[in-house]
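Before any comments, here is the structure.
4 protein chains.
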Amino acid sequence: MKQLTAEDLAIRSLGERNIDSPLDPYFKECGYVHDFYSDDARVLVDHNLESIRTTFQNGGEPLCFEASGPRRKIFFDPAETICAVVTCGGLCPGLNDVIRAIVMQAYHRYGVPRTLGIPYGFEGLIPEYGHKLINLTPRFVSNIHQFGGTDIGTSRGPQDPVQMVDRLIELKVNVLFVIGGDGTQRGGHAIDEEARRRGYQLAVVGVPKTIDNDMIYMDKSFGYDTACAAAVEAITAAHTEARSARNGIGMVKLMGRHSGFIACSAAIASGEANCVLIPEVPFVLEGDNGFLEAMRQRVVRRGHAVIIVAEGAGQDLMASSAGEDASGNKKLGDIGVFLKGRLEAYFRQRKTELALKYIDPSYLIRSVPASTQDRIYCMRLGQAAVHAAMAGKTGVVVARWHSSYVHLPVGMVTSSRRTVDSGGDLWLSVLETTGQPPRFR
Amino acid sequence: MKQLTAEDLAIRSLGERNIDSPLDPYFKECGYVHDFYSDDARVLVDHNLESIRTTFQNGGEPLCFEASGPRRKIFFDPAETICAVVTCGGLCPGLNDVIRAIVMQAYHRYGVPRTLGIPYGFEGLIPEYGHKLINLTPRFVSNIHQFGGTDIGTSRGPQDPVQMVDRLIELKVNVLFVIGGDGTQRGGHAIDEEARRRGYQLAVVGVPKTIDNDMIYMDKSFGYDTACAAAVEAITAAHTEARSARNGIGMVKLMGRHSGFIACSAAIASGEANCVLIPEVPFVLEGDNGFLEAMRQRVVRRGHAVIIVAEGAGQDLMASSAGEDASGNKKLGDIGVFLKGRLEAYFRQRKTELALKYIDPSYLIRSVPASTQDRIYCMRLGQAAVHAAMAGKTGVVVARWHSSYVHLPVGMVTSSRRTVDSGGDLWLSVLETTGQPPRFR
Amino acid sequence: MKQLTAEDLAIRSLGERNIDSPLDPYFKECGYVHDFYSDDARVLVDHNLESIRTTFQNGGEPLCFEASGPRRKIFFDPAETICAVVTCGGLCPGLNDVIRAIVMQAYHRYGVPRTLGIPYGFEGLIPEYGHKLINLTPRFVSNIHQFGGTDIGTSRGPQDPVQMVDRLIELKVNVLFVIGGDGTQRGGHAIDEEARRRGYQLAVVGVPKTIDNDMIYMDKSFGYDTACAAAVEAITAAHTEARSARNGIGMVKLMGRHSGFIACSAAIASGEANCVLIPEVPFVLEGDNGFLEAMRQRVVRRGHAVIIVAEGAGQDLMASSAGEDASGNKKLGDIGVFLKGRLEAYFRQRKTELALKYIDPSYLIRSVPASTQDRIYCMRLGQAAVHAAMAGKTGVVVARWHSSYVHLPVGMVTSSRRTVDSGGDLWLSVLETTGQPPRFR
Amino acid sequence: MKQLTAEDLAIRSLGERNIDSPLDPYFKECGYVHDFYSDDARVLVDHNLESIRTTFQNGGEPLCFEASGPRRKIFFDPAETICAVVTCGGLCPGLNDVIRAIVMQAYHRYGVPRTLGIPYGFEGLIPEYGHKLINLTPRFVSNIHQFGGTDIGTSRGPQDPVQMVDRLIELKVNVLFVIGGDGTQRGGHAIDEEARRRGYQLAVVGVPKTIDNDMIYMDKSFGYDTACAAAVEAITAAHTEARSARNGIGMVKLMGRHSGFIACSAAIASGEANCVLIPEVPFVLEGDNGFLEAMRQRVVRRGHAVIIVAEGAGQDLMASSAGEDASGNKKLGDIGVFLKGRLEAYFRQRKTELALKYIDPSYLIRSVPASTQDRIYCMRLGQAAVHAAMAGKTGVVVARWHSSYVHLPVGMVTSSRRTVDSGGDLWLSVLETTGQPPRFR
């Protein structure tokens, strides 16, 4: 990652207007200290003491994020504001929770009369698709958080920002909430730029989505906790199959294209996994210290084994595949099917009985309703997003950082990817929990 | 099915001994009418009034099953009895419940000091495998019903009855409980025959297992309710994926090699399925009234569709596969993958957008702990099995028939298979629930 | 119960009209044998072979229920029919499922354009309450089965049949579906009688509701399976509390005013209960063989105990309470609180440490969404109710009897109550499972 | 809170011994930077930038906690170490997870041959109770995390440190893990002091437990997430009851003697609560802006309401109760029952119909197994506790602070209590979510 500067963290605002927030009475009555939510409120980016000391010693100022929260003075007059929400990319638990939180917060707390649901992702802003806009009333969203998926639909891939801004202007939309991954946030950014270029006052506020938990500068991504919980159920099934059969192996492939967070967390939670493979830690198949022989020995010694493999692990071991999906993600080789074949061949060759059951639960994880903690997190993110938008922030995403809700410039979260530190405490806990060797080599 | 006779229903007994059941005080104190549990207690096989009338008019006697339950006089002296339990074949919810019920009933109600767990199916009775016997104490089994799978292990395929009886005699086993499907029950029957041939007094009592609910003469098979519940979760995932995408189809493959019971019941329960395909109802892919065009029209009209396909459906549509698994079951072609390919090709050809998500939840269904109703059912079956065995019944399986627990000669349940009646009320309810056409043709 | 006659079982019909059922094509194409669903189709009331034999020998005819199902000719012209649904009494899992099934079946299968939801029970038919009618479209009901409770509201107690029929006529309602317990079904019957008196052709079809499973002539009542499952969770909590504490007792009070079905089934399912008390089996507190000393001995011997008590158990032990609730049910003394006090006093007196945790989960059981099996059952009941109504049946309830769906005259199900047979196999299984003495006396 | 000093944060160590950690190979092979886990690794206590700046400007040094993690050199020789684990106080989800993590980590990662389970809390160290010690093998603990409660038992209240240390010395215990709340940690501290006084080298390491999440200097307490999830189920039941009845109110009492965290989080997660009452925010019952009239208006306006009340809320409104429980906690008045009475009286007086259902789910929350996130958290805490103990740390508890695992001197966490800041962002989110007035006054 390049060195950040204070400019990188600056949040763009549409400007100042002297409109009193309808939440003002709350502030007064509850005794909220107004400065807490002023634009000057700051949350340290890096809380490593030595970094901070060095910065001060060099006469610098430690970098901080802008704190999220309601502002006393807002930019948009609620009664004349039209909001819109769009969800893009693959399913992730909590999408409906974020939609609901935005609609409820805009309607009930700010008095925004109308929030539109853009149907099927950015497609919904391109007239030729012919999708029908959705009127997101409190009644429409009242129960949607009980369901997985997104009730306004989603699609993959970018659309033309010019056409999208044309449509937003036509609809008189003042605020666009963009819920999606890094590609989607870049799409939102393009809309923001195009609107700015035309001088159309549009606030674009993102809520970052990645089930893999691989976006930087946030404590976690929404849906990740839920995904881990659903993953544990698949691991339990694998464990049950494995221990019920002689020389049973249960293998589960979990999400994680570039980052093995779900695999790591689900393995620790289950307490049943004997081996975790993630993209960040290369491994070798063959040889006395290789994966295959290690699994064989485990099975011979203990009668069964449970293996968890993140979808992005071991890509170097397979013949390269080609192509990308509609979101522009490189298509991965199927490491689960590959390892299944290799394990079966190896055990056969070594004349060791093997009963391998392979589980690929993908959609069963992506589509479930949000867990309790994710429901809280999505509610908080949605509420924060509305505060940001009503205050006229744009080109911004909301996130939680070190337990505080903050505004991040959209460019920051799309600039690089968070990965599991193979020298850090999460991976150490995985090793401690599974007892697997530090490296298969 | 061939015409049954009273002889077909006769239960073999090891003989009479004048041993008082340790449950006798219960009978007396509770006022149980002893005749209810006498060997004369009967449960009608067929309760169709016209059949009964005709039988009486012809001077015949309607066929009845022997009622299950405790007998006042038992065959085995509990203090000197050794029981054994074996589980065979694929996983099914409730295996551990049945094991637990048998152990608890034998130990606590009859005072049988020892029940052995035969490890990994019939393999566990063949010395060369080297498996270690399990001592099934009440403590060992106390919590196992909270877990899926089988804590004594399972395997597929038959073993030599001579060797197995050698081993049972060596272990001084008097009672063998056989939990498994039709192949397994045939294996138990072979053991029974072999023991009889040698004059070794062994009671072999079966608890029939089939997750597909395809065994005849029983209200349902254990684990089936649980499987339906787990299947509904997969359908919910498919529905969520389908409705979140433009022209989304969610397709779920469910168990059901020859009988579509799980597919039918799960479809009715979910209330979200738009099409169910089962082995009992052939269907046509092509043409204006074929499956492919019907699905396309549904998607065009309603934006999404949910399809449920039993694994044994549409086998005639695929090039025949070859081979059998270790249990001797013919390997099926993968109808789910096949239909996925055909749907995608057809939609492409008709230039209709399609986002198809295919879910194959197999192990995630087989491995879950039993539902509440299955826990009750398994407890009752296990208790009934112990009553039958202690009374010296052999060559028998226990089952529930028209809400009563009965003894069935093992040959009856392996003689043919139960299927969904395509002219009956279950299939009609599927059609009413899904709105699919009666036939794709 | 008084001796039934064939007249008691006769189903009243509004008459014959030569309207073809819109389901006719289904019949033809699926090859349904039409006689199966003719009014002559019959389901034996009593399938005891000796009773049947005796009846035949006496020249009689065994009693049968009318089979439920679609009729080829129906009474109401769907396009001109208005249906209404009302739910009354306390919550029970599955209410929303039944509503949804009725609306979907009426709309999609018969083409009935309009089904009204009567708000808040029979109150909704009395104008002075000012409740607003609900338009039960397929969209309104599409997701309601995912939620507990009733989306059209409920209330307790009877209302004036004259006013209710006035209102139904005013609304041009032709078919009224009444979902509720015995009091509610009597209310529906009064409406039926009043409409008949006036010559207004109204079909009143009931779906019997009782979470206690205490209605006669049905395999089970809807919601009962779900209630048992929720009850098991409370027992698990009690067991956890009990075994975590020295001399811990966990006691759970479950529904069951007159019948202990939930207590029995939940105890068997949990496998953790050591004592079950139900209204059908009186018990004594004091003395060497009394309940108190038995519990003390269990705790001393095993360190903990789990007790399940049905709310109607042991009412004779408490000073009589007075009064009735709005539904006319006699108010019960709180046996749970009573036993808690007595146990604590007894242990104190006997100088035995005691850590008793008392759990009363009532609303947490009544309010949950239906389990998979109940979702199937409710769907089937709702579909059957619509078939009955469209064929012009009235004064009828639908139920499942010996695995077949049947029509019962409403008077039959309100005539008496089903109870646990203390000399039967369910109670025996409870005794076997818990190991409690047959009687505390 | 008094001003902290660096001395307050100093962790006591039993000393230095030059024993290589058995984890050393892991470090080397994985490339862990050893300094990360050195005793010099530090985690900032307060990451407010202005505080840090001021401290530096005054020539001070910002306070830091010692980082948790494996040390290269350890104090105890694993092969000769005996560990012991004790759980005290009320149940909390995750107790078994922490026990399991400690046993697995000590046995598998360090090679400690023996870990004892102290039965029923501190009682288990007092011989006169006659409790039998538990041998905590990996097999004993392998499945316990699937169950709520504590498999080694718990009790309330302090015991004599002299007797307890006598017993620990007799048992040759070198390491004592104390899992419990502030009283329990004080008890552990007394043991630590007594052992030190005698010169017996005992490491006492605590894992802080409080379901209320009210302990300071930790991101959250284990079991809290699970409790929130279970609480949401009770709220859902209350909501279902409330909306199914005319003028229905569902009221749920949740844990929270001094701190309303569970009430706040569960309310946000459910999205269905209309009013939350917590100990930190006083409220007034009577008057136009009082709680009673506000609830009445909500019910009249919207037909139903859902109220959540923390058990410690509104204690000033009730006549003072007396006494303490065995843990020395002041007995609270039952605010739920009190408010139920007041609401019913008020509605009656104002002639407003009311159907109030009151739910007190206490044990159903405390006794459930840990959620996925809590399972991870407990695993990490248990692993950290073993690292600390083996390194010879004592008088210490492990916790997560700003996403890092740290060592806290036991005195710190018992010095005061964490509460919901009524001027902070959590309470603001509650107000935004419920729409309740900032104050009832």
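Protein chains in written order, with our numbering: chain A, -14 to 426; chain B, -14 to 426; chain C, -14 to 426; chain D, -14 to 426.
C-beta: ideal position from N, C-alpha, C; glycine also.
As the structure is a prediction and not an experimental result, all values here were calculated from the model.
Out of the options, which has the shortest C-alpha to C-alpha gap to residue i?
i: F428 of chain D; options: D:A91, D:H130, D:D151, D:Q358; result: This structure cannot speak to residue 428 of chain D, because chain D is shown only from -14 to 426.
i: S244 of chain B; options: B:Q300, B:R99, B:E257; result: B:Q300
i: G377 of chain B; options: B:D(-7), B:T(-10), B:G0, B:Q(-12); result: B:G0
i: T122 of chain B; options: B:G133, B:F132, B:I87, B:G138; result: B:I87
i: S(-2) of chain D; options: D:Y390, D:V190, D:C68; result: D:V190
i: D199 of chain B; options: B:Q421, B:V158, B:G134, B:D406; result: B:D406
i: I292 of chain C; options: C:M89, C:G272, C:T221; result: C:T221
i: G396 of chain C; options: C:D136, C:A340, C:D197, C:G173; result: C:G173
i: T212 of chain A; options: A:D359, A:C49, A:H32, A:T404; result: This sequence places Ala at residue 212 of chain A; Thr is not what is there. A212 of chain A has its Cα closest to that of A:D359, out of A:D359, A:C49, A:H32, A:T404.
i: L48 of chain C; options: C:D5, C:E(-8), C:N3, C:T100; result: C:E(-8)
What does the Cβ neighbour count give for residue i, buried or exposed, with the cut at 16 atoms within 10 Å?
i: D177 of chain C; result: buried
i: R344 of chain B; result: Note that residue 344 of chain B is Ile in the sequence shown, not Arg. Classification of I344 of chain B: buried, given that the 10 Å Cβ count is 16 or more.
i: Q(-12) of chain D; result: exposed
i: T(-10) of chain B; result: exposed
i: K194 of chain D; result: buried
i: I(-4) of chain D; result: buried
i: P112 of chain D; result: exposed
i: Y92 of chain B; result: buried
i: A330 of chain C; result: exposed
Secondary structure at residue i, three-state DSSP: helix, strand or coil?
i: P423 of chain D; result: coil
i: H243 of chain D; result: coil
i: F107 of chain B; result: helix
i: V97 of chain D; result: coil
i: K157 of chain A; result: coil
i: L(-1) of chain C; result: coil
i: D62 of chain D; result: coil
i: N314 of chain B; result: coil
i: R152 of chain A; result: helix
i: T221 of chain C; result: helix
Whole-angstrom Cβ separation of residue i and residue j, contact assumed at under 8 Å?
i: P7 of chain A; j: Y95 of chain A; result: 6 Å
i: R385 of chain D; j: M203 of chain D; result: 6 Å
i: V97 of chain B; j: L366 of chain B; result: Contact doesn't hold; Cβ gap of about 18 Å is too wide.
Listed in chain order, which residues of the stretch 122 to 152 of chain B have Cβ atoms closer than 9 Å to some Cβ of chain D? N128, Q131, F132
Taking only beta carbons into account, state which residues of the stretch 317 to 351 of chain B come closer than 7 Å to chain A, listed in chain order. Within the stretch 317 to 351 of chain B, the residues whose Cβ lies closer than 7 Å to some Cβ of chain A are K342, I344, P346, Y348, L349, listed in chain order.
What residues from the stretch 229 to 248 of chain B come within 7 Å of chain A, judged by C-beta to C-beta, listed N to C? S229, A230, R231
To be precise: take each residue of the stretch 64 to 95 of chain B, compare its Cβ to all Cβ atoms of chain A, and keep it if any distance is under 9 Å. Which residues remain? T72, L76, L80
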